[in-house]
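Visitor: Using UniProt numbering, read the sequence shown as starting at 1 and increasing by one per residue.
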Amino acid sequence: MTQQSNHKPLKNDRYLKALLRQPVDVTPVWMMRQAGRYLPEYKATRAQAGDFMSLCKNTELACEVTLQPLRRYPLDAAILFSDILTIPDAMGLGLYFETGEGPKFERPLSSMADVEKLPVPDPEQELGYVMDAVRAIRHALAGEVPLIGFSGSPWTLATYMVEGGSTKTFGKIKKMAFSDPAALHLLLDKLADSVILYLNAQVKAGAQSLMVFDTWGGVLSPAAYKEFSLRYMEKIVAGLIRENEGRKVPVTLFTKNGGQWLEAIAATGCDAVGLDWTTDIADAKARVGDKVAIQGNMDPCMLHAPAERIRQEVATILAGFGEGAGHVFNLGHGIHPDIDPEKAGIFINSVHKLSAQYHK
Ligand code: CP3
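#1: Confirm the yes/no value for this check: CB of residue 280, any heavy atom of the ligand CP3, distance under 7 Å.
#2: For residue 279, which option in 298, 153, 208 and 157 has the closest C-alpha, if you only look at C-alpha atoms?
#3: Would you kindly report the start and end of the unbroken alpha helix (DSSP H) that includes residue 8?
#4: Quick one: what does DSSP say residue 190 is sitting in, helix, strand or coil?
#5: Within 10 angstroms of the Cβ of residue 323, are there 16 or more other Cβ atoms? Answer buried if so, exposed if not.
#6: Per DSSP, what kind of secondary structure is residue 45 in: helix, strand or coil?
#7: Tell me which residues share the same chain as residue 10 and place their Cβ nearer than 7 Å to its Cβ, disregarding the 5 neighbours each side in the sequence.
#8: In the DSSP assignment, what are the bridge partners of residue 103?
#9: Under a three-way DSSP split, which group does residue 360 fall into?
#10: If the criterion is Cβ atoms closer than 8 Å, does the pair residue 343 and residue 318 meet it?
#11: Contact between the region 114-128 and the region 222-231 is defined here as three or more beta-carbon pairs at a separation below 8 Å; is this criterion met?
#12: Taking only the alpha-carbon atoms, compute the straight-line gap between residue 39 and residue 346 and give it to the nearest angstrom.
#13: Would you grab the beta carbon distance between residue 272 and residue 19 for me? Rounded to a whole angstrom, and I think it's under 8 Å.
#14: To which residues of the same chain is residue 14 closer than 6 Å at the C-beta, ignoring the five residues directly before and after it?
#15: When DSSP labels each residue in this structure, what does residue 77 get in the three-state scheme?
#16: In the DSSP assignment, find the unbroken beta strand (DSSP E) run with residue 255 in it and report its ends.
#17: Tell me whether the region 166-174 and the region 197-207 touch, counting them as touching only if at least three CB pairs, one residue from each stretch, are closer than 8 Å.
#18: Give me the Cβ distance between residue 87 and residue 160, rounded to the nearest whole Å; I'm assuming they're in contact under 8 Å.
#19: Does the beta-carbon distance from residue 218 to residue 252 come in below 8 Å?
#20: Within the present structure, is the beta-carbon of residue 436 separated from the nearest heavy atom of the ligand CP3 by less than 7 Å?
#21: Would residue 22 pass as a contact of residue 325 if the rule is Cβ separation under 8 Å?
#22: For residue 31, which residues from the same chain have a beta carbon less than 7 Å from its beta carbon, with the 5 sequence-adjacent residues on both sides left out?
#23: Tell me whether residue 52 counts as near the ligand CP3, meaning its Cβ is closer than 7 Å to at least one heavy atom of that ligand.
#24: Alpha carbon to alpha carbon, how far is residue 191 from residue 306?
#25: What number of angstroms, rounded off, separates the C-alpha of residue 45 from the C-alpha of residue 183?
#26: May I ask you to list the residues that DSSP assigns as paired with residue 220?
#27: Provide the residue span of the beta strand (DSSP E) that contains residue 298, from first to last.
#28: Going along the chain, which unbroken runs of the beta strand (DSSP E) with 3 or more residues stay wholly within the region 324-351?
#29: How many angstroms separate the CA atom of residue 245 from the CA atom of residue 282?
#30: Using the Cα positions of residue 119 and residue 57, report the straight-line distance between them to the nearest angstrom.
#31: Between which two residues does the alpha helix (DSSP H) carrying residue 272 extend?
#32: Mind checking who residue 442 pairs with in its DSSP beta bridge?
#33: Mind checking whether residue 213 and residue 152 have CB atoms under 8 Å apart?
#34: Using a Cβ-based criterion (distance less than 7 Å to any ligand heavy atom), does residue 166 qualify as near the ligand CP3?
#35: When burial is assigned at 16 or more other CB atoms within 10 Å of the CB, is residue 177 buried or exposed?
#36: Taking a contact to mean a Cβ-Cβ separation below 8 Å, would you say residue 103 touches residue 194 in this structure?
Shown next as structure tokens:
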């Protein structure tokens, strides 16, 4: 028996269909970081909330900022407004944001002893505010478009937890990887268990699709990528609820700069791979398009170009993927804060308009 849902039926399901490589009328599109500082209404709500984490923890305002881009643009999916660093915060590392410097931790990890002490957070307790946001957003969406839940990959979360914040060199985490691999593996394993619980709780709270952000997998050698990042994403995929409310819950894995490992990512059992702009989408489709859907892959900086250049780039990417099911259009990474919102609208409308010819 599949679970019955109290939710309104989904009006626009082309995003879910495309992830499962089923036919659609036009190519679905959403933007990573679609709720964010490029929108004046986001900045206003954020100012009302105070700091970024207060915004994430305020159910009503987190719901409001999730919906803001959907009021402006005909997006085919909503993404939970939260952050990947909620899990390390719930593990007790003390997350804070310093203006202009990105995320930081008060108590970064440096040894096996630190890792052994880490708890696996209960998603309905320490992370209950995220589940409250999922429930509120799903209700407010009223079936317009599906809701994406997400998490960071264990490797990407571990980089912030060991470095204590953002890094250019990844010196501390790589030191742990190569001088004390047992400590890092224990950390990655605890994170994988935490991510499984967290994502499954998001599904139970109403998320209809899941995405894992592996922003920093691409800084590893091929062998180290498989050992420290991919292996744990594979464990996550195997532990997730894949069907809920009588529908498949598709899973997308996104390793930024992971283009050379697409076959290995596709073999994890995920439904879709996220692609950044450094891999040609036609090449990606030829390599893995018979196994998984592909999400991507316009360079977010292209949104600085004149309208005609944006349309041309969208047309080139659509032509690269060509006919057939299994493409979700997106940027290759998050939208930047200095983008003109009008350009985002041009991008989204171009995807719908120019893709109809590939779905006859
Ligand atoms: O896509 C969405 O609209 C959903 C919300 C979302 C945020 N962060 C909101 C956010 C998602 C999916 C994330 C994921 C995330 N967070 C990732 C993985 C994706 C990626 O971009 O690579 C990473 C690495 C983080 C960690 C993180 N959070 C950083 C590095 C920063 C600072 C960046 C900056 O521009 O200052 C954040 C903060 C953050 N997360 C903001 C938003 C909208 C900006 C906070 C603000 O000042 O309002």
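All C-beta atoms, glycine included, are put in the ideal place defined by N, C-alpha and C.
Guide: This is what the structure gives:
#1: Not so, every heavy atom of the ligand CP3 lies at least 7 Å from the Cβ.
#2: Considering only 298, 153, 208 and 157, the residue with the shortest C-alpha distance to residue 279 is 298.
#3: Residue 8: not part of any alpha helix (DSSP H); DSSP gives it neither H nor E.
#4: Helix, per DSSP.
#5: Here residue 323 is exposed, its C-beta having fewer than 16 other C-beta atoms within 10 Å.
#6: Three-state DSSP puts residue 45 in a helix.
#7: If we look at residue 10 and ignore the five residues flanking it on each side, its Cβ neighbours are 143 and 146.
#8: Its beta-bridge partners are 97.
#9: In this structure, residue 360 counts as coil in the three-state DSSP scheme.
#10: No, the Cβ-Cβ distance between residue 343 and residue 318 is not below 8 Å.
#11: These segments do not touch.
#12: In this structure, the alpha-carbon of residue 39 lies about 15 Å from that of residue 346.
#13: Contact flag correct, Cβ pair sits at about 5 Å.
#14: Beyond the five residues adjoining it in sequence on each side, residue 14 comes within less than 6 Å, by CB distance, of 24, 28 and 76 in the same chain, given in chain order.
#15: In the three-state DSSP reduction, residue 77 falls in the coil class, being neither helix nor strand.
#16: Per DSSP, residue 255 belongs to the beta strand (DSSP E) from 251-255.
#17: Contact fails between the region 166-174 and the region 197-207, because fewer than three Cβ pairs, one in each stretch, are under 8 Å apart.
#18: No, residue 87 and residue 160 are not in contact; Cβ-Cβ is about 10 Å, not under 8 Å.
#19: Cβ distance not < 8 Å, so residue 218 and residue 252 don't count as in contact.
#20: Nothing can be reported for residue 436: it is not among the residues displayed for the chain, which extend from 1 to 360.
#21: Their beta carbons are under 8 Å apart, which means residue 22 touches residue 325 by this criterion.
#22: Cβ neighbours of residue 31 beyond the five flanking positions: 330, 331, 335 and 344.
#23: Residue 52: yes, Cβ under 7 Å from the ligand CP3.
#24: Residue 191 and residue 306 have their C-alpha atoms some 43 Å from each other.
#25: Looking at the two C-alpha atoms, the distance is approximately 41 Å.
#26: Answer is none; residue 220 lacks a bridge partner.
#27: Where residue 298 is concerned, the enclosing beta strand (DSSP E) starts and stops at 293-298.
#28: Within the region 324-351, the runs of beta strand (DSSP E) that reach at least 3 residues and sit entirely inside it are, in chain order, 327-331.
#29: Residue 282 has its alpha-carbon roughly 34 Å from the corresponding atom of residue 245.
#30: Residue 119 and residue 57: Cα-Cα distance of roughly 21 Å.
#31: Careful: residue 272 lies outside any alpha helix (DSSP H), inside the beta strand (DSSP E) at 272-274.
#32: The displayed coordinates of the chain run from 1 to 360. Any statement about residue 442 would go beyond what the structure contains.
#33: Yes. Within cutoff.
#34: Indeed, a heavy atom of the ligand CP3 lies less than 7 Å from the Cβ.
#35: Buried.
#36: No, Cβ-Cβ distance for residue 103 and residue 194 is not below 8 Å.
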